[in-house]
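Notes for the one structure printed next.
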Amino acid sequence: MPDVSTHTRRVEVPGGAIDLAWAEVTHTGRRREVNQDALFTAYPLFVVADGMGGHIGGEIASASAIARLRGVVDDGPVTPKTIEKALAKAVKDIGAHPETTDDGTGTTVTGVYLDTAGEAAHWVTFNIGDSRVYVVRDGAIVQITTDHSVVQELIAAGRLSPEEAENHPYGNVITRAVGPSDSVTPDYVRLDVVAGDRFVICSDGLTKELTDYGIRHFLDENADPADAVNAMLDAALENGGRDNISIIVLDVADPSAVAAGSGDEVDDDTAEIPTVGAGTAAVGDDEDADADTGDADDDDETSESVSAAEPGDDDESAAGTDSSTAGR
């Protein structure tokens, strides 16, 4: 099993400070030969990418997106504008690579970053594809991101129930991805900074094997982020491990005062935090249970419309507060 450790950092925010703790893991799973997932954790950005495509195309796509997003952290600042510029560069990288000629090549990109530029600090989530960001707040687990998938569109249109979606033949077909031809814009959601929040950023390899309540169960049972990601990974593998699995757990603690902002409060198991919308303006960037088993089918994830940096090393790396992993 991968060696997983918890990283910590104290961050000054308007009105006080917050303590962050996080851990990450990625695994090939039990049925795949290669890991096409990649992830990156370096304050203030935490992101998962789930690649797709023939041969090593998906691996290249996810690694390209992560490499460009890492550059955003290195150069600063992290904003919707700099994220979108990085993803546009990743599209060019993917398209220029000789191993990514397949029209189905692409990658999801899903993550969260801390914005401390305003009068109050906020979390900003962003999403392309069907990887997810969850938050557990006041004992309730809420999926913050909305899947860009055929089944999610059918659910939103009232033509399919969530139960029917579990076994739908198009369950693995996504409608938006970062790929070799077209630039795409993430959806953004802005959230208050609240002490006690626990974020989970994951590829669908986790959510194929654990329900939302299964995820919450392992968070409730494991206070340390490293223990939590290991417990969820073990359960996902035990439940089948049908896809690559990537998990980040990010915890927020309050040593002094936590900024109060404009995000939506979550107070019950069915609460929803609405999407602010797509594009830079969405977040005001003017300047720049049990371990329940999912029933999704076992086909490769594909993209209906997907739109280089080289893939990451075989070994995972985690050093201090900066960790980047591209699965092989």
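Residues in the sequence shown are numbered consecutively from 1, following UniProt numbering.
No residue lacks a Cβ here, since even glycine has one placed at the ideal position from N, Cα and C.
In this structure, what does DSSP give as the bridge partners for residue i?
i       : result
Val-178 : Thr-107
Tyr-113 : Leu-45 and Val-124
Val-229 : Answer by DSSP bridge pairing: none, since Val-229 is not bridged.
Arg-10  : Asp-19
According to DSSP, simplified to helix, strand and coil, what is residue i?
i           : result
Leu-237     : helix
Gln-152     : helix
Gly-15      : coil
Ser-246     : strand
Ile-56      : coil
His-217     : helix
Ala-23      : strand
residue 352 : Residue numbering for the chain in the displayed model covers 1 to 328; residue 352 lies beyond these limits and cannot be assessed.
Arg-68      : helix
Ala-140     : strand
Val-91      : helix
Leu-206     : helix
Val-200     : strand
Ala-223     : coil
Compare the Cα-Cα distances from residue i to each of the options and report the closest residue.
i       : options                             : result
Thr-207 : Ala-235, Asp-93 and Thr-79          : Ala-235
Leu-233 : Pro-180, Ile-247 and Pro-14         : Ile-247
Ile-128 : Ser-5, Ile-141, Gly-139 and Asp-147 : Asp-147
Asp-182 : Leu-87, Asp-224, Pro-98 and Ser-161 : Leu-87
Asp-130 : Gly-16, Arg-176, Val-91 and His-27  : Arg-176
Asp-115 : Asn-230, Arg-32, Thr-8 and Val-13   : Val-13
Less than 8 Å between the CB atoms is what I'm expecting for residue i and residue j, so what's the real figure, rounded?
i           : j       : result
Val-66      : Val-47  : Per the sequence presented here, residue 66 reads as Ile, with Val not at that position. Going by Cβ atoms, the distance from Ile-66 to Val-47 rounds to 7 Å, so yes, they are a contact pair.
Pro-44      : Tyr-134 : No, Pro-44 and Tyr-134 are not in contact; Cβ-Cβ is about 19 Å, not under 8 Å.
Arg-132     : Thr-107 : Wrong, their Cβ atoms sit about 15 Å apart, outside the cutoff.
Gly-29      : Asp-243 : 5 Å
Ser-5       : Ala-226 : 6 Å
Pro-180     : Gly-95  : 4 Å
residue 330 : Val-136 : Because residue 330 is not part of the residues shown, which for the chain are 1 to 328, the question remains open.
Leu-250     : Trp-22  : 4 Å
Can you find a CB in chain C that lies within less than 8 Å of the CB of residue i?
i       : result
Asp-182 : The structure shown contains no chain C; it is built from a single protein chain.
Would the beta-carbon of residue i be found less than 7 Å away from any heavy atom of the ligand ZN?
i       : result
Asp-103 : For the structure depicted, the ligand ZN is absent and the ligand set is empty, with no information on it obtainable.
Below 8 Å, can you find three or more Cβ-Cβ pairs linking the stretch 210 to 217 to the stretch 31 to 43? Contact between the stretch 210 to 217 and the stretch 31 to 43 is absent, because fewer than three Cβ pairs lie under 8 Å.
Between the stretch 146 to 155 and the stretch 166 to 186, do at least 3 Cβ pairs fall closer than 8 Å? yes
Assess, as a yes-or-no matter, whether the stretch 115 to 131 is touched by the stretch 95 to 104 under the definition of 3 or more beta carbon pairs within less than 8 Å. The stretch 95 to 104, when compared against the stretch 115 to 131, does not touch it at the 8 Å Cβ threshold.
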